[in-house]
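This report refers to the structure that appears directly beneath it.
Number of protein chains: 2
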Amino acid sequence: MLWFIGLGISGISELSERTRNIIKNAEMVYLESFTSPISETEKEELESICNGEFKIAKRWLVEDGNEIIDNAKEQETVLISYGDPYIATTHLELKTRATNDKIETKTIHSSSIVSSLIGEVGLHYYKVGKVLTIMNDPKSMITPYNTIFDNLLNKTHSVILLEYNEDKSFFLQPQDALSLLLDVEKTQNRKVISQETFAIVASRIGRDDQKITSGRITNLIKKEFGESPHSIIITGKLHFTESDAIKVITECLDEPIDNSADVKSISEQMIEKYVPMVREALEEIRPHYEDLKEYENILINAKLYIDDAENFLKEGKKEYAVLSIGYADGLVDALRIAKGFDPKM
Amino acid sequence: MLWFIGLGISGISELSERTRNIIKNAEMVYLESFTSPISETEKEELESICNGEFKIAKRWLVEDGNEIIDNAKEQETVLISYGDPYIATTHLELKTRATNDKIETKTIHSSSIVSSLIGEVGLHYYKVGKVLTIMNDPKSMITPYNTIFDNLLNKTHSVILLEYNEDKSFFLQPQDALSLLLDVEKTQNRKVISQETFAIVASRIGRDDQKITSGRITNLIKKEFGESPHSIIITGKLHFTESDAIKVITECLDEPIDNSADVKSISEQMIEKYVPMVREALEEIRPHYEDLKEYENILINAKLYIDDAENFLKEGKKEYAVLSIGYADGLVDALRIAKGFDPKM
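Chains as they are written, first to last, in our numbering: chain A, 229 to 573; chain B, 229 to 573.
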């Protein structure tokens, strides 16, 4: 028998009697502490509950899994983890293996950092986009940057978990994560993140010393947030009840803003660049085709498709907008090339 | 003082001693049962814990909020809800109002259906896209359909919550929700959902009679899933450990497939349609410009940009692919219009 038990975000005091008894009566209890740090006090408290053997499980032990599986074949075995047990994919894989080995598994779900966090900072759950993790490695920043970009294009909030390395007792600090985001912006340059971006730093959610700070990155980056764990949220478009909540229930350094307002999709950026350029190229070539009947329709069509591009963009039909401006540019450039002008693509 | 207490997904037996005492000692306890059904037994059990007054809170009472706020000004007041308290936006708004009124608020987070669900069905948490709700109203289906489409384009999983109406004791059945999805596909016709789409129906997650069934919609729609609540997941691209988990820990009617494989963005659909069309149009017009030196570069460029469109698409640069094929089409059509041929846009 293998139990997966979530400790939740508030620790042992929030365990039910039933769950305590499962831990107490198990013959083998593993506590994994590599997905999130667990304090010495909590470790000792948990150990003191156990009648059976108690052991800290390092990452390799859970990833390898053989010892846990072997124990679970013979004994009531428990694997305890911070938050909800299945936020970590290692635990899911262990469950699949156990089931394959005909070991019965049961789960005690608990509060998870991701779902608790969103409510604690005052945001709506259904407006959260893809969750991401930032590691302390500038080379790994393209994926997080792209995810925030996609989330902002969808107007959704980005929940950012920060690297935790148990062996090195390392927890990425929010200021460093925000700096990494500002740095990747410099190379990617898609205007996703700036000093003016509004963000929320949630510290020690679920603990008595929980602290939530919100504001522009330029101000957040100067703050001290105290002991880990921390998470960050880059907000998307805010409902007014979300703005109100942020102002009231967080330490709010700056007025919340809509971070998604200025984020432009590649299509929008193309239309902004090409529409004036193609219009100008069209007017430049027009006099060279005056009174040439067979070219009149080309000039008319070019003008119509430039207008279409702008209108499609307004209607949110980005792909049609890009197709139209590309087409208009092609019509104009054919006329230009034929007269020895440089094409404008 | 206003407490927001989450009952979690497994009910009263999973409440900690500490939380029970808060409920026991409160002067006023509200139990809201409009976000998810709570059984009579559970209501009675909760009531039996309370020393103070116990009251069922209908939606209007929480949305209006005045009674709760007034009580919380004078008394230890508790609002209990299923799952995690802040998944419901009404509760968040109440918290903001209470804080504005200088009422201290505290929260007991708990397991929420969304985070528990994902692990229980064997999926990775960080691969979940935007969460959506399906209501029993065909006219409201465009947004859910678009969200699933966007999630599949991002290869992510779509967690679908189903309408619950406390006053009518109505819980949308999974079969009906799946039928609504098949119906909206008929009108939208973007090949997002079909009888062959792989889905997971999660029933009564966290309860002893929890049941998870997975398979193609054509087979799921014939099943009976028993008592509510149910949720549905339309899976995106599956990691092999996710497929393995689904096969092992759910009642798996069919081999899991990648639902995202055949979902095409509008850009991809455009490239598929326009590339062969523009190639053909180019070959048709080419003989009419043989030996006309000033047009040679137009023909060469048209060919290059058609190839570019295909290559950009392969590299995932969809916008550039569309811009290129639009441009190539414009070059070719200018040549066609000038010779009295029909344009191909």
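A virtual CB, placed ideally from N, CA and C, is assigned to each residue, including glycine.
{"Check": "Rounded straight-line distance, which links the Cα of L230/B to that of S552/A", "Outcome": "57 Å"}
{"Check": "Amino acids of chain B, ordered along the chain, whose beta-carbon sits closer than 9 Å to that of D561/A", "Outcome": "I526, N529, Y555, G558, L559 and A562"}
{"Check": "Through-space distance from D378/A to E424/B, alpha-carbon basis", "Outcome": "28 Å"}
{"Check": "Under 9 Å between C-beta atoms of F398/B and P457/B", "Outcome": "no"}
{"Check": "K414/B classed as buried or exposed, judged by whether at least 16 other C-beta atoms fall within 10 angstroms", "Outcome": "exposed"}
{"Check": "Supposed close pair A566/B, I534/B - CB separation, criterion 8 Å", "Outcome": "Not really, about 19 Å apart at Cβ, beyond 8 Å."}
{"Check": "Length-filtered (3 minimum) beta strand (DSSP E) runs lying within the region 370-447 of chain A", "Outcome": "386-390, 426-431 and 439-444"}
{"Check": "Which of helix, strand or coil DSSP assigns to I449/A", "Outcome": "coil"}
{"Check": "Beta-bridge partners of S459/B, as assigned by DSSP", "Outcome": "L389/B and A430/B"}
{"Check": "Where F468/B sits in the DSSP three-state scheme", "Outcome": "helix"}
{"Check": "Closest Cα partner of L307/A within the set G454/A, F569/A and S261/A", "Outcome": "S261/A"}
{"Check": "Under 9 Å between C-beta atoms of T361/A and I388/A", "Outcome": "yes"}
{"Check": "Straight-line gap, H385/B to G464/B (C-alpha atoms, nearest Å)", "Outcome": "5 Å"}
{"Check": "Cβ distance (whole Å) where I237/B is taken to contact G434/B below 8 Å", "Outcome": "3 Å"}
{"Check": "Start-to-end residues for the alpha helix (DSSP H) that takes in K545/A", "Outcome": "Counting along the chain, K545/A falls outside any alpha helix (DSSP H), and DSSP gives it neither H nor E."}
{"Check": "Proximity to G239/A [Cα-Cα], best of E268/A, N253/A and M256/A", "Outcome": "E268/A"}
{"Check": "N379/A: CB within 8 Å of a non-hydrogen atom of the ligand PLP", "Outcome": "Annotation note on the ligand PLP: not contained in the displayed structure, which lists no ligands."}
{"Check": "Beta carbon proximity, P313/A to chain E, threshold 9 Å", "Outcome": "Among the protein chains in the structure shown, which are A and B, there is no chain E."}
{"Check": "Members of the region 407-422 of chain A that neighbour chain B once the beta carbon cut-off is set at 9 Å", "Outcome": "none"}
{"Check": "Backbone CA spacing between I277/A and S344/A [nearest angstrom]", "Outcome": "26 Å"}
{"Check": "Close Cβ partners of T575/B (< 8 Å) along its chain, the five nearest in sequence each way excluded", "Outcome": "Past the edges of chain B, shown from 229 to 573, lies residue 575/B, and the structure says nothing about it."}
{"Check": "Start-to-end residues for the beta strand (DSSP E) that takes in I308/B", "Outcome": "T305 to S309"}
{"Check": "Boundaries (first-last residue) of the alpha helix (DSSP H) holding K590/A", "Outcome": "The structure shown has nothing for residue 590/A, since chain A only spans 229 to 573."}
{"Check": "Contact residues within the region 248-273 of chain B, judged by C-beta distance below 8 Å to chain A", "Outcome": "none"}
{"Check": "CA-to-CA distance, S264/B to Y314/A, given in whole angstroms", "Outcome": "23 Å"}
{"Check": "A509/B beta carbon less than 9 Å from that of A562/A", "Outcome": "no"}
{"Check": "Opposing strand residues paired with C480/B [DSSP bridges]", "Outcome": "S442/B"}
{"Check": "L235/B at chain A interface by Cβ criterion, 9 Å", "Outcome": "no"}
{"Check": "Between the CA atoms of L448/B and Q403/B - distance to the nearest angstrom", "Outcome": "7 Å"}
{"Check": "CB contact flag (E483/B, K475/B, <9 Å)", "Outcome": "yes"}
{"Check": "Contact with chain A by A566/B, beta-carbon distance below 9 Å", "Outcome": "yes"}
{"Check": "Option nearest K330/A by Cα separation, candidates P504/A, I341/A and A300/A", "Outcome": "A300/A"}
{"Check": "Chain A within 9 Å of M363/B, Cβ atoms only", "Outcome": "no"}
{"Check": "Residues in the region 372-405 of chain A having any Cβ partner in chain B nearer than 8 Å", "Outcome": "D378, N382 and T384"}
{"Check": "Proximity below 9 Å, CB of D395/B to CB of K271/B", "Outcome": "no"}
{"Check": "Own chain residues within Cβ distance below 7 Å of A326/B, not counting five before or after", "Outcome": "L230, I297, A300 and T333"}
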